[in-house]
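> Quick one: the structure is below, questions incoming.
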Amino acid sequence: MSTLNYEVADDASPWPHRVPSAAFTIISSDWPTNPVAEKSAEFVRLADEWEQATAGFPRVADKINHASYLRIIGWGDEAIPHILADLRDREEPRHWFEALHQITGANPVASEDRGNLKKMAEAWLKWGRSRGKTQ
Amino acid sequence: MGKKPRKNTVEALRQIRLLCPNANDSNCYVSSDETTRYNCVALALGDEMRWWEPTPGAQYYWPTSKNRDYSIGAYIAMFASLGFVACETSNVEDRYEKVVIYADSSNEFRHVALQSRTGGWVSKLGDLEDVEHDSPEVLESDIYGTPRMFMRRELKDQLPLM
Numbered sequence: 001m002s003t004l005n006y007e008v009a010d011d012a013s014p015w016p017h018r019v020p021s022a023a024f025t026i027i028s029s030d031w032p033t034n035p036v037a038e039k040s041a042e043f044v045r046l047a048d049e050w051e052q053a054t055a056g057f058p059r060v061a062d063k064i065n066h067a068s069y070l071r072i073i074g075w076g077d078e079a080i081p082h083i084l085a086d087l088r089d090r091e092e093p094r095h096w097f098e099a100l101h102q103i104t105g106a107n108p109v110a111s112e113d114r115g116n117l118k119k120m121a122e123a124w125l126k127w128g129r130s131r132g133k134t135q
Numbered sequence: 001m002g003k004k005p006r007k008n009t010v011e012a013l014r015q016i017r018l019l020c021p022n023a024n025d026s027n028c029y030v031s032s033d034e035t036t037r038y039n040c041v042a043l044a045l046g047d048e049m050r051w052w053e054p055t056p057g058a059q060y061y062w063p064t065s066k067n068r069d070y071s072i073g074a075y076i077a078m079f080a081s082l083g084f085v086a087c088e089t090s091n092v093e094d095r096y097e098k099v100v101i102y103a104d105s106s107n108e109f110r111h112v113a114l115q116s117r118t119g120g121w122v123s124k125l126g127d128l129e130d131v132e133h134d135s136p137e138v139l140e141s142d143i144y145g146t147p148r149m150f151m152r153r154e155l156k157d158q159l160p161l162m
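These protein sequence lines are chains A and B, in that order. The opening residue of the first sequence carries number 1 in the working numbering; numbering runs sequentially from there. The opening residue of the second sequence carries number 1 in the working numbering; numbering runs sequentially from there.
Structure, rendered in structure tokens:
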């Protein structure tokens, strides 16, 4: 269990009603001691930041040079379950294929499926499941 | 999870203007929902199921093992392999379909747009929507490059996509 003392000053209140000065104690059973949840949250933050910044870029080559994307690649093997979960859960896959290739050196996408992002995602998910890399 | 169709075209245009400052609501119109299913090259070639790009990891579709790079020459060669030849103007020609290839100052490919039958242009903007734009220059920008080469092919020469 973790506690955090948090003071709110009257003048800093963003709410329309004034909040009296007081010391609050926030109590949580899993904050901030759950590293898996923290890593997942960090992945979501970086992935969304990357997508927001590069969605309109016409080339994957430019999308994958974004700092947030490179940071996820820098996690190495630790990134793989997060990336595979993202590929599994989204209706339309995002461009994680170069990250997976750079981290693993593998390319499980059959030549006839290249460019079809759903089939590319399926190939990587199959690859991940066969190696116990999925969440 | 996953993207939902974005109905708010005002918001879409705001995002497009961040990429292409020349675009505005009188010269650029959103004409689809956003999708990662295909890219500008695929749209120009009538393929809405694949993303065509010669990425280093060779996971995306590229029709040839030769000229597998981002130079404008490699893209011109790829379009030529599908029946396109260079042409001088952006005028509409009845028996032809026409594309315009954009490149940056390093002669790297950035974008391609397809001419519509009315003389306007159609582009897929990365993972975002398709847009119709009045001229190639509407999309001219640091990210999309500059219109550099017009190519055309006779409609009868259209090859089936593999």
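We put the CB at the ideal spot given by N, CA and C, even for glycine. A quick note: this is a predicted structure, and the numbers were derived from the prediction, not measured.
(1) Identify each residue in the region 118-130 of chain A for which the Cβ-Cβ distance to at least one residue of chain B is less than 7 Å, and report them in chain order.
(2) Using the rule of at least 16 other Cβ atoms within 10 Å of the residue's Cβ for burial, across every protein chain shown, is A/Q135 buried or exposed?
(3) List the residues of chain B that A/R114 touches, going by C-beta distances under 7 Å, in chain order.
(4) Using C-beta distances below 6 Å, list every residue in its chain close to B/I143, excluding the 5 sequence neighbours before and after it, in chain order.
(5) List, in chain order, every chain B residue whose beta-carbon is nearer than 8 Å to that of A/G76.
(6) With 16 as the cutoff for other CB atoms within 10 Å, does B/S123 come out buried or exposed?
(7) Between B/V112 and B/N22, is the Cβ-Cβ spacing less than 7 Å?
(8) Which one of A/K39, A/V36, A/R59 has the shortest CA to CA distance from B/E108?
(9) So which residues of chain A does B/T35 contact, with C-beta pairs closer than 8 Å?
(10) With a cut-off of 8 Å on the beta carbons, I'd call B/D134 and B/G120 a contact; round off their distance for me.
(11) Can you list the residues of chain B that A/N65 reaches, using a CB-CB cut of under 7 Å?
(12) Note down, in chain order, each residue of its chain lying with its Cβ closer than 8 Å to the Cβ of A/R94, except the 5 sequence neighbours on either side.
(13) Could you please give me the residues that DSSP links to B/M149 through a beta bridge?
(14) As a quick exercise: from A/N116, A/I80, A/D113, A/P35, pick the residue whose alpha carbon is nearest that of A/R129.
(15) Determine, for A/V44, whether the minimum Cβ-Cβ distance to residues of chain B falls below 7 Å.
(16) Going by C-alpha distance, which of A/E92, A/A99, A/K118 is nearest A/R71?
(17) Return no unless some Cβ of chain A is closer than 7 Å to the Cβ of B/E140.
(18) With a CB to CB cut of under 6 Å and the five nearest residues on each side skipped, what residues in its chain are close to A/K63?
(19) Just to confirm, are B/S31 and B/E132 a CB contact at a threshold of 7 Å?
Per the coordinate set shown:
(1) The residues in question are M120.
(2) Label assigned to A/Q135: exposed.
(3) Scanning chain B for C-beta atoms nearer than 7 Å to the C-beta of A/R114 yields Q59, Y60, Y61, reported in chain order.
(4) Hits under 6 Å: L19.
(5) The premise fails here: A/G76 is roughly 17 Å from chain B at the closest Cβ pair, so nothing lies under 8 Å.
(6) Counting Cβ neighbours within 10 Å, B/S123 comes out buried, since at least 16 surround it.
(7) At least 7 Å separates the beta-carbon of B/V112 from that of B/N22.
(8) B/E108 has its Cα closest to that of A/R59, out of A/K39, A/V36, A/R59.
(9) The answer, in chain order, is E92.
(10) B/D134 to B/G120, Cβ: 6 Å. Contact.
(11) The contacting residues do not exist; A/N65 stays about 12 Å from chain B at best.
(12) Hits under 8 Å: A47, E51, D86, L87.
(13) In the DSSP output, where bridge partners are listed per residue, B/M149 has B/I101.
(14) Here the closest residue by C-alpha is A/I80.
(15) Interface annotation, A/V44: not in contact with chain B, CB-CB separation never under 7 Å.
(16) In this structure, A/A99 is the residue among A/E92, A/A99, A/K118 with its C-alpha nearest to the C-alpha of A/R71.
(17) It does not; no Cβ of chain A falls within 7 Å.
(18) Excluding its 5 nearest sequence neighbours in each direction, A/K63 has C-beta neighbours in its own chain below 6 Å: T54, F57, H95, listed in chain order.
(19) Yes, the pair counts as a contact, with Cβ atoms nearer than the cut-off.
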